[in-house]
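For the record, the sequence lines run as chains A and B.
Position in the first sequence counted from 1, then plus 9, gives you our numbering.
Position in the second sequence counted from 1, then plus 9, gives you our numbering.
See structure below.
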Amino acid sequence: MDDSYIDSVLSGDTESFRYFIKTYKDMAFNLAVSIVKDDHYAEEVVQDAFMKAFNGLASFKRTARFKSWFYRIVVNESFQRLKRIKKQHLTLDSEEIKSVSYEITEFGEDYRMKQINEALKLLPPKESLVLNLFYLEENSLKEVAEITGWTLSNVKVLLHRGRTGLRSSLETSRRKN
Amino acid sequence: MEKEFKDDFIKAVVAKGFRRMPNDDFENQLMSKIQAANDYKKEVSVKLMLSLKFFVGALVLGLIMILSLLFERVTFSYNLKHMAVGALFIIALMGILNIENYKRLIRKYSTS
Numbered sequence: 010m011d012d013s014y015i016d017s018v019l020s021g022d023t024e025s026f027r028y029f030i031k032t033y034k035d036m037a038f039n040l041a042v043s044i045v046k047d048d049h050y051a052e053e054v055v056q057d058a059f060m061k062a063f064n065g066l067a068s069f070k071r072t073a074r075f076k077s078w079f080y081r082i083v084v085n086e087s088f089q090r091l092k093r094i095k096k097q098h099l100t101l102d103s104e105e106i107k108s109v110s111y112e113i114t115e116f117g118e119d120y121r122m123k124q125i126n127e128a129l130k131l132l133p134p135k136e137s138l139v140l141n142l143f144y145l146e147e148n149s150l151k152e153v154a155e156i157t158g159w160t161l162s163n164v165k166v167l168l169h170r171g172r173t174g175l176r177s178s179l180e181t182s183r184r185k186n
Numbered sequence: 010m011e012k013e014f015k016d017d018f019i020k021a022v023v024a025k026g027f028r029r030m031p032n033d034d035f036e037n038q039l040m041s042k043i044q045a046a047n048d049y050k051k052e053v054s055v056k057l058m059l060s061l062k063f064f065v066g067a068l069v070l071g072l073i074m075i076l077s078l079l080f081e082r083v084t085f086s087y088n089l090k091h092m093a094v095g096a097l098f099i100i101a102l103m104g105i106l107n108i109e110n111y112k113r114l115i116r117k118y119s120t121s
């Protein structure tokens, strides 16, 4: 499916690129937000990643899946952005994130959802990313390693830490209330 | 192959925390940005092609002049013959080298 749209875009039909935006924007946003921890920055990252994918589509080798190739762009863009944010000292510390997420989820969202969002936001970017790729996208460990560019053993360690971290932070917030 | 352990609880939590793109108009905004970038590329590509044509024309003219001077068919610049031949030879050489740059630029700005 992706291949035919790639051919269309490469033959000059720019409008065909809409298919990729429609299909991958949500997952890309989810990955970006798991790294940069901010909706506004995540949206910018996704936009930049799509622009890069469009400009580099001709160089995309069909040996890999488009999805993996594109997610790798999103991951790289997100970490670059995170570096810039840290440099500008704009990152919120854990306490600030906590208070912001309370504000966001104060209206309408159920309490459980609030706890989950909070726990995911508090996870370190790498662990959060690996959890998303492994559980949401049903990627194998090998595919996660390919997308992130990390070693298989590193991915396993991050996944284990992510699971433990998520469980314990949910447990803590449950005990608090 | 090693069996990959999937924790159902974590899977449910991660699925619940899935964040969708909040901007409903994201798709249209991005498409118009891509379209604008594409149009710009096309415009640059057309201008580069025109410039290349002009450049090749000038190069051919330069080579013709070199040959004319070498065979002494141009009389008005006879005294400067040797200097002119040298200068034109360098210009022609630079021109040939620059064609590669044009190719690179056109490849960069061509959309397909």
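We put the CB at the ideal spot given by N, CA and C, even for glycine.
On a predicted model such as this, the values are computed, not experimentally measured, just so you know.
Here Trp78 of chain A carries a helix assignment [DSSP, helix/strand/coil]. Interface residue (Cβ-Cβ distance to chain A less than 9 Å): Ile115 of chain B is not classified as such. One thing to note: Ala41 of chain A has its Cβ within 9 Å of the Cβ of Val54 of chain A. Between the stretch 27-45 of chain A and the stretch 81-97 of chain A there are three or more inter-stretch CB-CB distances shorter than 8 Å, so the stretches are counted as touching. Within the same chain, Cβ atoms closer than 6 Å to the Cβ of Val53 of chain B are found at Tyr118, the five residues on either side in sequence being excluded. In the structure shown, Ala73 of chain A adopts coil according to DSSP, grouped into three states.
Ranked by how close their Cα comes to the Cα of Met40 of chain B, the residues A:Phe26, A:Gly65, A:Asn64 and A:Tyr50 have A:Phe26 in first place.
Annotation for Glu52 of chain A: the continuous alpha helix (DSSP H) segment containing it runs Asp48 to Asn64. Between Val166 of chain A and chain B, the shortest Cβ-Cβ separation is not below 9 Å.
The C-beta separation of Leu145 of chain A from Ser137 of chain A comes to about 11 Å, leaving the pair out of contact by the 8 Å criterion. In summary, Arg113 of chain B is exposed, with fewer than 16 beta-carbon neighbours lying within 10 Å of its beta-carbon over all protein chains present.
In this structure, the beta-carbon distance from Glu155 of chain A to Ala37 of chain A does not fall below 9 Å. Between the beta-carbon of Ile125 of chain A and that of Val22 of chain B there is about 6 Å, and that keeps the pair under the 8 Å contact cut. Counting only residues of its own chain and dropping the five nearest sequence neighbours on each side, Leu61 of chain B has a CB closer than 6 Å to the CB of Tyr111.
Note that the C-beta distance between Arg71 of chain A and Asp12 of chain A is below 9 Å. Assigned with DSSP and collapsed to three states, Gly171 of chain A falls in helix.
A straight line joining the alpha-carbon of Leu70 of chain B with that of Ala51 of chain A spans about 55 Å.
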